[in-house]
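Scroll down for the structure; my scribbles are underneath it.
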Amino acid sequence: MTSSYPISEEQIRFYEENGYIQFLNVLSAEELAQVRSALDEIVREQGDLHEMSTSEVEYRKIFVQTVNVWRTHAGLRDYVFSPKLAEIARCLTRAHKIRLWHDHALVKMPGDSKASAWHQDIPYWPMQEDGSLSCWMALDDVFEANGCMAFVPGSHTFGRLEPINLVNPQDLFHLLPEEKAASISLLPVFQPMPAGSCTFHDGRTFHYAGPNTTDKPRRAVITIYMPDDVHFNGKPHVVTNDLNLAEGELLAGERFPVLAEQ
Ligand SMILES: O=C(O)CCC(=O)C(=O)O
4 MTSSYPISEE
14 QIRFYEENGY
24 IQFLNVLSAE
34 ELAQVRSALD
44 EIVREQGDLH
54 EMSTSEVEYR
64 KIFVQTVNVW
74 RTHAGLRDYV
84 FSPKLAEIAR
94 CLTRAHKIRL
104 WHDHALVKMP
114 GDSKASAWHQ
124 DIPYWPMQED
134 GSLSCWMALD
144 DVFEANGCMA
154 FVPGSHTFGR
164 LEPINLVNPQ
174 DLFHLLPEEK
184 AASISLLPVF
194 QPMPAGSCTF
204 HDGRTFHYAG
214 PNTTDKPRRA
224 VITIYMPDDV
234 HFNGKPHVVT
244 NDLNLAEGEL
254 LAGERFPVLA
264 EQ
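Residue numbers (this note's numbering): 4 to 265.
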């Protein structure tokens, strides 16, 4: 994946103001086919629902998730390391360098899947600074009925709230102090888009994806980027637990490679 997808100052301002943005048809048909085939292979390796514990099955009704796929699957690595997407992330954050935090593949299976509850991402990440962002790439056409993303514009200005339990979720909107809740319209904006299109959202932005009520899987790959000055805050996380990081240490090095640089 080599070609670029230039974005405008107006789009950067939209992102800064709203905490999310959508870009249509970012992947070529060939790039899309490559990512789909890598993801399908990963999902086949995931195993059978009948061999799982009840809590894992419950989680899988929300989505089938695999973290840091770039480390084990060359096909996904090419996608995650794509300068095209990392450069968009760098421009949106106005950073000199952008690093990979981690990737994950999220497939909402047809039929019994539940909603991905309203949440913010950053409360789960062990980062001192804000500013990290996700690229949510649709590998299928997405719309409300199969769980496209929805965002609350401007909700990134609320800062970090408590992490909610994603399987038995609390109401995120009830965690919001009254004066903040009254400060903006809390109406969600749904983001239907064709396969190969994506959204970027700030880690503080409220977001949600409904159940997949169709008879086909809804496949997405999420790449999470961080600006180059993010430090570890000491909290446990599956991506950092084996690294023995000290609180305050810069999140850098080969596990968090630089993917775009000015
Ligand atoms: O794809 C989904 O169902 C939810 C994705 C999500 O919450 C995220 O990318 O942070």
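For every residue, glycine included, the Cβ atom is placed at its ideal position computed from N, Cα and C.
For residue i, report the span of its beta strand (DSSP E) as first-last.
i, result
"E264", "261 to 264"
"I101", "100 to 111"
"A223", "221 to 230"
Can you find the residues in the same chain that come closer than 6 Å, C-beta to C-beta, to residue i, ignoring five residues on each side of it along the sequence?
i, result
"L88", "C138"
"R93", "I101, A263"
"A112", "Looking at the sequence provided, one finds Met at residue 112 rather than Ala. Only P220 meet the Cβ criterion."
"A153", "P191, F193, Y211"
Which residues mark the beginning and the end of the alpha helix (DSSP H) in which residue i is found?
i, result
"A36", "32 to 48"
"A77", "77 to 83"
"D18", "With the sequence shown as reference, residue 18 is identified as Tyr, and Asp is not the correct amino acid for it. It spans 12 to 21 - the alpha helix (DSSP H) in which Y18 sits, taken as one unbroken run."
"A198", "Note, A198: premise wrong, no alpha helix (DSSP H); not H, not E."
"C151", "Looking at the DSSP string, C151 is not in any alpha helix (DSSP H), and its letter there is neither H nor E."
"L136", "Segment 136 to 141 is the beta strand (DSSP E) holding L136; no alpha helix (DSSP H) there."
Pop quiz: residue i and residue j are said to be a contact at Cβ under 8 Å. What is the actual Cβ separation, rounded to whole angstroms?
i, j, result
"A141", "A77", "Not really, about 22 Å apart at Cβ, beyond 8 Å."
"W104", "F259", "7 Å"
"D144", "G206", "The pair is not a contact, with the Cβ atoms about 26 Å apart (cut-off 8 Å)."
"N215", "N168", "No, N215 and N168 are not in contact; Cβ-Cβ is about 21 Å, not under 8 Å."
"I187", "D106", "Between D106 and I187 the Cβ distance is about 31 Å, and since that is not below 8 Å, they are no contact."
Looking only at its own chain, which residues have a Cβ that is under 7 Å from the Cβ of residue i, when we skip the five neighbours before and after it?
i, result
"P9", "none"
"L248", "F235"
"N28", "P197, G199, S200"
"S11", "none"
Tell me which residues share the same chain as residue i and place their Cβ nearer than 8 Å to its Cβ, disregarding the 5 neighbours each side in the sequence.
i, result
"V38", "L30, G78, L79, Y82, M140, L142, V224"
Review point. Which residues count as close to ligand 1 when the rule is a CB under 6 Å from any of its heavy atoms, in chain order?
Key: Residues flagged by the Cβ proximity filter: F66, L109, K111, S119, D124, S137, W139, G150, H210, A212, A223, I225.
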